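Asker: Take this structure, written in structure tokens, and hold onto it; I'll ask about it next.
Number of protein chains: 4
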Amino acid sequence: MKIKVLATGGTFDKIYYDAKSDFHIGDPMSGSIFEEANVTFDYEVESILKKDSIDINDEDRAIIRQKVEQDSHEKIIITHGTDTMVKTAMQLMDIKGKTIVITGSMQPARMRISDSSYNMGVATTAVQLLPAGVYLAMNGLILDPRTTVKNVTLSRFEEVS
Amino acid sequence: MKIKVLATGGTFDKIYYDAKSDFHIGDPMSGSIFEEANVTFDYEVESILKKDSIDINDEDRAIIRQKVEQDSHEKIIITHGTDTMVKTAMQLMDIKGKTIVITGSMQPARMRISDSSYNMGVATTAVQLLPAGVYLAMNGLILDPRTTVKNVTLSRFEEVS
Amino acid sequence: MKIKVLATGGTFDKIYYDAKSDFHIGDPMSGSIFEEANVTFDYEVESILKKDSIDINDEDRAIIRQKVEQDSHEKIIITHGTDTMVKTAMQLMDIKGKTIVITGSMQPARMRISDSSYNMGVATTAVQLLPAGVYLAMNGLILDPRTTVKNVTLSRFEEVS
Amino acid sequence: MKIKVLATGGTFDKIYYDAKSDFHIGDPMSGSIFEEANVTFDYEVESILKKDSIDINDEDRAIIRQKVEQDSHEKIIITHGTDTMVKTAMQLMDIKGKTIVITGSMQPARMRISDSSYNMGVATTAVQLLPAGVYLAMNGLILDPRTTVKNVTLSRFEEVS
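Residue numbers (the numbering used here), protein chains in the order written: chain D, 1 to 161; chain Y, 1001 to 1161; chain W, 2001 to 2161; chain F, 3001 to 3161.
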């Protein structure tokens, strides 16, 4: 069993960049989270995009889809900004034979207080236990992209009927 | 859906106690991990024991078992020291109708570098997704207590055949 | 002996704001740094401005100067963004009878890796030990504003002759 | 100007050691604190002892004294456990021509919440600004060893008359 992580950027991987008093997307944090958690499963992290999800366009989504389809692994986690996470998930729905879990975080992994390690715990467990399909892992829940929206005001994901 | 956490102590909840230049078991950290992770599921944390698992005796295990049996919730997480985590799990194996996930950590949740948040992400996901039974959540894996041992030298859990 | 901290914003106090996927200025962190450090001196923190120092204008500097002059305490620390820290310091140079130490940080105090606690240790010590005057506390040094520049490329302060 | 740090152990450098469910003394943390703080002064860290200060005996103190005397630098910081920090300081009082600052922490530098970075900021500033002599840097204050005691109940240092 091997888990492949495709990093696309988003809050999860942000660093604070003093020269511009601003943030930008740094290298993927998934690997250091796995080391800190002493995971013993086999994994591989690949950075395929470094963008805020608000800036991810149709072309980017085509690249993400292509990467997932061409990847030889069956268990795939995508780290992604939260703003358009649902949209990206929807474009992957019809991929067969792979368990795809999309996660991210509300606070960067490099902050003292962050939901990133916990969310990665959720995502790696979901990808191991669930059958083929596309899932979101946020706020401690496994969510169906077709019935999930981000509540921007409350900074959380919610199921809609 | 509500998750009940029974805290028994262990490394997970340790604080550093200056007056004795030593550690002892502090209040359960599960609640603050859940807050930091912005979980939206319903949960309740109860401290039932504050012990290193090396000091947990048969009487303590009887109390843990009783607490699990009498608890009204079906989804139960037990935070527990790693040294005798397997032994406690084995004593709960025949409890019916509940999904019981036992987790802990190799580094206290109050350390800068810790596996605690990630492990709680694994445990809360496993308890939601898995059928009734008793499971260990360590090192990013869901393990069967009957075939798992702690490798003390490598500080990790391993499956034996 | 009492230390007064005037917070003006800058990197030091930044929080990550998910709704805009951006950092902005949060409440002053000096107080929580002091609590974490178990300081036993008397202190008071007042937020007088919440700005990136690149956005601090002449009017803001007039306010800062007025606050310092009118403050009843002799030992004053100003937390300030690093980009125009020197400029603000220069406008305070002729204030008599007060020890004024200006500090900030290259990484927000809310990051896991930050120079903020250390810098506050430097600033509070300098303000206790030094005679009346205006000083910068950055990179572990006490610097004279008249001969100091920020090296933006290397993200550090340097003395020029 | 170069600062020499002599590390003797104590809470400051403690790590949590899972195999014994215990804390013990790890490698000195001063260097990583300096890196995190982007200090630009020259420094050197030397580990001369790895002990809880409660276990430091007369022989150890003779070694510490010898190290300080033989060291070529004038500015020396000693990281030390808090329990017998005052006693060690007293044995160095008559060393001439060196500024010696002894610091430590109530919480290990490897904890999420710790006074270690701040205390090192205080110590490095005191060692730069103060004349030859022996000083304690704790709780945000520069203290005279001859009139200072550790209040174990309140976990802080206090001046006595």
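All residues carry an ideal CB built from backbone N, CA and C; glycine is no exception. The structure presented is a predicted model; accordingly, all values stated were derived computationally and were not measured.
Taking only the alpha-carbon atoms, compute the straight-line gap between Lys1004(Y) and Thr1040(Y) and give it to the nearest angstrom.
Answerer: Approximately 14 Å, taken between the alpha carbons.
Asker: Identify the continuous alpha helix (DSSP H) that holds Thr1011(Y) and give its terminal residues.
Answerer: Looking at the DSSP string, Thr1011(Y) is not in any alpha helix (DSSP H), and its letter there is neither H nor E.
Asker: By the criterion of Cβ-Cβ separation under 8 Å, what are the contact partners of Ile142(D) in chain Y?
Answerer: Thr1125, Gln1128, Leu1129
Asker: Would you say Asp3083(F) lies against chain W (beta-carbon separation less than 8 Å)?
Answerer: no
Asker: Just reading off the beta strand (DSSP E) that Gly2133(W) is part of, what are its end residues?
Answerer: 2133 to 2138
Asker: Can you grab the Cα-Cα spacing for the pair Glu3035(F) / Ser2116(W), in whole Å?
Answerer: 13 Å
Asker: Which residues mark the beginning and the end of the alpha helix (DSSP H) in which Ile3033(F) is found?
Answerer: 3030 to 3036
Asker: Return the residue from the list Arg2110(W), Asp2094(W), Asn2119(W) that minimises the CA-CA distance to Met2138(W).
Answerer: In terms of CA proximity to Met2138(W), Asn2119(W) leads the group Arg2110(W), Asp2094(W), Asn2119(W).
Asker: Looking at the structure shown, is Arg3112(F) part of a helix, part of a strand, or coil, going by DSSP?
Answerer: coil
Asker: Work out the CA separation of Leu2049(W) and Gly3121(F) for me, nearest whole Å.
Answerer: 25 Å
Asker: Which class does Leu1129(Y) belong to by DSSP, given the choice of helix, strand or coil?
Answerer: helix
Asker: Between Val1086(Y) and chain D, is there a C-beta pair that is closer than 8 Å?
Answerer: no
Asker: At 7 Å on the CB atoms, spell out the chain Y contacts of Phe163(D), in chain order.
Answerer: No statement about residue 163(D) is possible, as the shown extent of chain D runs from 1 to 161 and does not include it.
Asker: Are the C-beta atoms of Phe2023(W) and some chain D residue less than 8 Å apart?
Answerer: yes
Asker: Output needed for His1024(Y): all residues of its chain with C-beta closer than 6 Å, excluding positions within five of it in sequence on either side, in chain order.
Answerer: So the list reads Tyr1017, once near-sequence residues are dropped.
Asker: Label Asn1151(Y) either buried or exposed according to how many other C-beta atoms from any shown protein chain fall within 10 Å of its C-beta, with 16 as the threshold for buried.
Answerer: By the neighbour-count rule (16 or more Cβ atoms within 10 Å), Asn1151(Y) is not buried but exposed.
Asker: So, using beta-carbon positions, are Leu3136(F) and Thr3148(F) closer together than 8 Å?
Answerer: Going by C-beta atoms, Leu3136(F) is nearer than 8 Å to Thr3148(F).
Asker: Using the beta-carbon of each residue, which ones in chain F are nearer than 8 Å to Glu2036(W)?
Answerer: Ile3113, Ser3114, Asp3115, Tyr3118
Asker: Please tell me whether Phe2012(W) and Thr2079(W) are closer than 8 Å, where the distance is taken between their beta carbons.
Answerer: yes
Asker: I think Pro3028(F) touches Met3093(F), with their Cβ atoms under 8 Å apart; what is that distance to the nearest whole Å?
Answerer: Wrong, their Cβ atoms sit about 24 Å apart, outside the cutoff.
Asker: With Asp2083(W) and Ser2053(W) assumed to form a contact (beta carbons below 8 Å), what rounded beta-carbon distance in angstroms separates them?
Answerer: Contact between Asp2083(W) and Ser2053(W) holds, with the beta-carbon distance rounding to 5 Å and staying under 8 Å.
Asker: Do Arg3110(F) and Ile3015(F) have their beta-carbon atoms positioned less than 8 Å apart in this structure?
Answerer: Judged by beta-carbon spacing, Arg3110(F) lies within the 8 Å limit of Ile3015(F), meaning their Cβ atoms are closer than that value.
Asker: On the premise that Lys1096(Y) lies in contact with Ala1132(Y), defined as a C-beta separation below 8 Å, what is that separation, rounded to the nearest angstrom?
Answerer: That belief holds up - the Cβ atoms of Ala1132(Y) and Lys1096(Y) are roughly 7 Å apart, short of 8 Å.
Asker: Within 10 angstroms of the Cβ of Ser1161(Y), are there 16 or more other Cβ atoms? Answer buried if so, exposed if not.
Answerer: exposed
Asker: Compare the Cα-Cα distances from Ala2089(W) to each of Ser2047(W), Ile2102(W), Leu2129(W), Leu2141(W) and report the closest residue.
Answerer: Ile2102(W)
Asker: Mind listing, in chain order, the continuous alpha helix (DSSP H) runs of no fewer than 4 residues lying wholly within the region 1036 to 1079 of chain Y?
Answerer: If we require 4 residues or more, the alpha helix (DSSP H) runs fully inside the region 1036 to 1079 of chain Y come out as 1058 to 1070.
Asker: Could you tell me the distance, in whole angstroms, from the CA atom of Gly1010(Y) to the CA atom of Lys1051(Y)?
Answerer: Straight-line Cα distance between these residues: approximately 6 Å.
Asker: On the CB-based measure, 16 or more other CB atoms within 10 Å of its CB, does Leu1154(Y) come out buried or exposed?
Answerer: exposed
Asker: Secondary structure at Thr3153(F), three-state DSSP: helix, strand or coil?
Answerer: coil
Asker: Taking its Cβ as the centre, do 16 or more other Cβ atoms sit within 10 Å of Lys2(D), making it buried, or is it exposed?
Answerer: exposed
Asker: Which residues of chain W have a Cβ atom closer than 7 Å to the Cβ of Gly3206(F), listed in chain order?
Answerer: For residue 3206(F) there is no data in the structure shown, the boundaries of chain F being 3001 and 3161.
Asker: Name, please, each residue of chain D whose Cβ falls closer than 8 Å to the Cβ of Gln2107(W).
Answerer: Within chain D, the residues near Gln2107(W) are Tyr16, Asp18.
Asker: By Cβ distance, which residues of its chain are closer than 6 Å to Ala2007(W), with the 5 residues on each side in sequence left out?
Answerer: Pro2028, Ser2047, Thr2079
Asker: Along the chain, which unbroken stretches of the beta strand (DSSP E) at least 3 residues long are found entirely within the region 3084 to 3111 of chain F?
Answerer: 3099 to 3103
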